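Contents: one structure, followed by commentary.
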């Protein structure tokens with residue numbers, strides 16, 4: 492034991508006497524030049540949602556929203572209010588355009604929004620509760636529920652699918668020669684290495700047909716030595732070759748649609764698929 | 004301050020990431036150099052770690068753990084760079100050390116001997132020593148940086164020390180390889 496401690500002390504002394512090393516300037520310069528052309532990997536959703544840190548303002552906003560909800564419900568429960576449980580209020584008739592400036596902002600419940608420029612395939616959407624616009628670009632738009640546990644919905648204009656998101660050498664592997672059709676994309680998604688896929692069913696969203704499937708993984712990215720890092724990229728989409736990625740141990744509810752020849756993935760992560768359905772069903776492509 | 008920069012960089016702010024990278028590059032390079040024992044490879048690993056940091060920053064769940072996360076990235080980059088080096092260096096022959104009388108009183112000689120011993124270790128063994136004795140990380144912090152259980156971190160450290168002890172002992176013996184090399188085929 493003493494011999495061990497002596498050697499440990501020698502090693503510690505050795506490192507302590509190492510003069511601090513300054514990296515050559517080119518290391519930082521080259522790295523920063525490289526990232527200029529590298530988009531950040533998109534995260535479908537970070538789970539578990541309940542562990543997401545919340546700042547004080549967010550807590551206050553949710554508390555305020557809860558007070559409002561309680562007040563409205565309480566008002567509706569007063570004697571003489573006969574419309575409790577009746578039809579929900581009709582959505583806004585004229586869609587409200589969503590623009591880049593809305594990123595990070597809250598979207599109101601029961602309001603119809605139109606997703607357009609810079610997004611390449613305009614559609615309208617409506618939320619049963621307050622959602623936040625998380626991301627908007629040419630090939631992807633993402634919304635997140637502000638209610639803990641209710642998840643996120645991403646609509647991607649997909650142009651490639653990975654075959655092995657956690658390849659242990661050389662980074663994630665792309666599915667080669669993938670036919671960009673609903674069947675081709677679904678086939679690739681249901682064959683992701685180390686992912687489990689549920690049954691593929693027919694699906695229709697906003698009059699567009701396609702397939703629905705649930706995929707999940709139990710990859711422990713902390714120990715799996717995925718060569719591409721801790722995120723598991725699933726597919727790429729227009730404007731982002733790095734693609735959309737997810738964490739280990741997650742489940743994605745996917746709807747793969749053909750919208751006038753473009754393959755669209757509507758992806759949801761939530762505690763239950765039922766939490767997503769009101770949002771998914773409200774999507775209407777133009 | 005760093006937390007705010009990490010939050011900004013997570014949302015795609017390259018300028019914020021540049022500030023973070025500038026503050027971390029020397030530290031990462033120092034770690035990589037100690038693990039890889041090669042300045043050029045250390046440069047590659049540092050660059051690789053910074054690029055991965057940018058690319059995967061949106062996945063960082065706890066911004067307070069940015070530094071530990073960076074350590075993990077540079078350790079992984081060192082493993083990748085080291086793996087590549089192994090591929091093209093397998094043909095190299097390590098020349099036997101000339102037998103000499105060790106100067107046990109000289110600090111420099113002791114340092115040289117330790118240097119040689121460390122070179123004989125694998126990258127993984129040097130990694131655990133660097134994290135534990137250079138960065139001074141606790142077993143749980145080391146485990147976090149390596150993404151392994153604490154028990155595994157402790158045992159890896161133990162075996163790395165044992166491997167270093169064996170390497171130092173071998174260093175003090177005349178090289179068997181030298182005798183074998185002169186043996187007729």
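Protein chains in written order, with my numbering: chain A, 492 to 777; chain B, 4 to 188.
Where is the CB? At the ideal position from N, CA and C, for every residue including glycine.
Small disclaimer: the values here were computed from a predicted structure and weren't measured.
| Item | Value |
| --- | --- |
| Beta carbon of residue 642 (chain A) nearer than 8 Å to that of residue 766 (chain A) | yes |
| Enclosing alpha helix (DSSP H) for residue 532 (chain A) [first to last residue] | That residue, residue 532 (chain A), is in no alpha helix (DSSP H); it is neither H nor E in DSSP. |
| Contacting positions in the segment 20-36 of chain B - beta carbon closer than 8 Å to chain A | 20, 21, 24, 25, 28, 29, 31, 32, 33, 36 |
| is_contact[residue 515 (chain A), chain B] using C-beta, thresh 8 Å | yes |
| Cβ neighbours of residue 693 (chain A) in the same chain (closer than 6 Å, five flanking residues each side left out) | none |
| Partners in chain A for residue 154 (chain B), counting only beta-carbon separations shorter than 7 Å | What residue 154 (chain B) touches in chain A: nothing, since even the nearest Cβ is about 13 Å away. |
| Contact set for residue 49 (chain B): own chain, Cβ-Cβ below 6 Å, skip 5 residues either direction | 31, 32, 35 |
| Residue 162 (chain B), buried or exposed, once every other Cβ within 10 Å from all chains shown has been counted against 16 | exposed |
| Any C-beta of chain A under 8 Å from that of residue 11 (chain B) | no |
| Buried/exposed call for residue 628 (chain A), threshold 16 Cβ in 10 Å | buried |
| Neighbourhood of residue 547 (chain A) by C-beta distance below 6 Å, restricted to the same chain and skipping five residues each side | Note that residue 547 (chain A) scores 48 on pLDDT, short of 50, meaning its location in the model is unreliable and no value can be drawn from it. |
| Exposure label - residue 45 (chain B); buried when at least 16 CB within 10 Å | buried |
| Cβ neighbours of residue 776 (chain A) in the same chain (closer than 7 Å, five flanking residues each side left out) | 612, 614, 697, 699, 750 |
| Identity of the residue in B:10, B:111, B:124 nearest residue 68 (chain B) by Cα | B:10 |
| Inter-residue Cα distance where the pair is residue 669 (chain A) and residue 680 (chain A) | 11 Å |
| Residue-level contact to chain E via CB, residue 721 (chain A), 8 Å cutoff | Judged by its chain identifiers, the structure shown contains no chain E, and its protein chains are A and B. |
| Bridge-paired residues (DSSP) for residue 636 (chain A) | A:622 |
| Inter-stretch contact (C-beta, 8 Å, three-pair minimum) for the segment 77-85 of chain B and the segment 124-135 of chain B | yes |
| Classification of residue 112 (chain B) by the beta-carbon crowding that lies within 10 angstroms, buried from 16 upward | exposed |
| Buried versus exposed call for residue 645 (chain A) [16 or more other C-beta atoms within 10 Å across all chains shown] | buried |
| Proximity test, Cβ basis, 8 Å: residue 534 (chain A) and chain B | yes |
| Cβ-based burial, residue 143 (chain B) [other Cβ within 10 Å; buried from 16] | exposed |
| Residue 655 (chain A), buried or exposed, once every other Cβ within 10 Å from all chains shown has been counted against 16 | buried |
| Touching by the beta-carbon criterion (3+ pairs, under 8 Å), the segment 736-744 of chain A and the segment 165-176 of chain B | no |
| Nearest neighbour of residue 126 (chain B), chosen from B:82, B:158, B:114, B:155 [CA to CA] | B:82 |
| Three-state class that DSSP yields for residue 26 (chain B) in the structure shown | helix |
| C-beta contact flag for residue 28 (chain B) and residue 703 (chain A) at 8 Å | no |
| Ranges of the beta strand (DSSP E) found wholly within the segment 667-751 of chain A, counting only runs of at least 3 | 686-688, 692-696, 699-708, 723-728, 731-737, 742-750 |
| Contact set for residue 123 (chain B): own chain, Cβ-Cβ below 6 Å, skip 5 residues either direction | 170 |
| Inter-residue Cα distance where the pair is residue 506 (chain A) and residue 26 (chain B) | 21 Å |
| Check whether residue 121 (chain B) and residue 167 (chain B) have beta carbons under 8 Å apart | yes |
| When A:764, A:752, A:650, A:770 are compared against residue 725 (chain A), the one with the closest alpha-carbon | A:650 |
| 8 Å Cβ cutoff, residue 81 (chain B) in contact with chain A | no |
| Own chain residues within Cβ distance below 6 Å of residue 712 (chain A), not counting five before or after | 721, 739 |
| Contact under 8 Å by Cβ, residue 723 (chain A) with residue 657 (chain A) | yes |
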